[in-house]
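To start, the structure itself, in structure tokens.
In our numbering, the protein residues as written are 1 to 265.
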């Protein structure tokens, strides 16, 4: 969950290592060229405000697929169908409805509980009950958009162009970068306290996580079309791939009525 919530503070800091310097003729190095390209991708992608999304996440023995659309023009609004299988919680294999707003996530489990069809996960409550992980979830849900993974690689200064590849019929440029857990926790948050950052980093290291690898595929019109995030972890390896399409699509998210909602507590 934490690895999948990749975000950052929008910093434009670039590594000052020798690999990023221009040559005597003023030509950009491969690193500088990749960073410049990704800054344009971030601006173009974030400026579209909405997109259709489809992805698969493997976390340990659990696999989750999702399909829907998201709008990040004024906080994060997303409506998706989620299917879960494997893992300690198992899964019915049937799609579940999920709605995301800037304040909470709502899940329709497909069966009434206590006479209610929806479970509400309030981010403020999660931040209090789950500690550092909850604080990260709240922070990310309040500041989420596809371009944040792009911003993260730009801020790290650790990125390279891999080459050209086909992504579902779209010719795309592939970029890759690897960050340490320490870098990841500090660059992927906006409003998380120093104490929570240290605790989160400790939790990830205790789980055996040391690095996260991010791969991005970008179309010729500078839009993110595919993202893959992989975090090594001895206890629960994480691998998430998301596809983005139909930028500018209309997204409508209406939270369920309180009378049909149960708080996750």
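Using N, Cα and C, we set each Cβ at its ideal position, and we do this for glycine too. These figures come from a predicted structure and were not determined experimentally.
Chain-order list of residues whose beta-carbon lies under 7 Å from that of residue 126 (same chain, five-residue window excluded):
134, 137, 138
CA-CA distance, residue 44 and residue 115?
45 Å
Where does residue 170 fall in DSSP's three states?
strand
Cβ-based neighbour list, residue 239, same chain, cut-off 6 Å, excluding 5 preceding and 5 following:
58, 230
Can you list, in chain order, the stretches of the alpha helix (DSSP H) that have 4 or more residues and sit fully within the stretch 61-114?
none
Measure the C-alpha to C-alpha separation of residue 167 and residue 259 and round it to an integer number of angstroms.
43 Å
Check whether residue 71 and residue 46 have beta carbons under 9 Å apart:
no
Taking residue 56 as part of the beta strand (DSSP E), name the residues at either end of that continuous run.
50-59
Which residues does DSSP list as the beta-bridge partners of residue 154?
Note: residue 154 sits in no beta bridge, so no partner.
Is the Cβ-Cβ distance between residue 214 and residue 177 less than 9 Å?
yes
Range of the contiguous beta strand (DSSP E) that encloses residue 38:
Counting along the chain, residue 38 falls outside any beta strand (DSSP E), though it belongs to the alpha helix (DSSP H) covering 30-47.
Host alpha helix (DSSP H) of residue 128 (start-end)
123-130
So what does DSSP say about residue 181, is it helix, strand or coil?
helix
Can you tell me the Cα-Cα spacing of residue 8 and residue 33, whole angstroms?
Unreliable placement is indicated for residue 8, whose pLDDT of 32 sits below 50; the coordinate value is still reported in the next sentence. Cα to Cα, residue 8 sits roughly 21 Å from residue 33.
In this structure, does DSSP put residue 198 in helix, strand or coil?
helix
is_contact[residue 205, chain D] using C-beta, thresh 9 Å
Although the question refers to chain D, the structure presented lacks it and comprises just one protein chain.
Is it right to say residue 22 is buried, meaning 16 or more other beta carbons lie within 10 angstroms of its own, or is it exposed?
Any answer about residue 22 is weak, because its pLDDT of 46 lies below 50 and its placement is not dependable; what the coordinates show is given next. So residue 22 counts as exposed.
The beta strand (DSSP E) enclosing residue 245, as first and last residue numbers:
238-245
Short check: CB of residue 154 to CB of residue 42, under 9 Å?
yes
Could you give the DSSP three-state label for residue 259: helix, strand or coil?
helix
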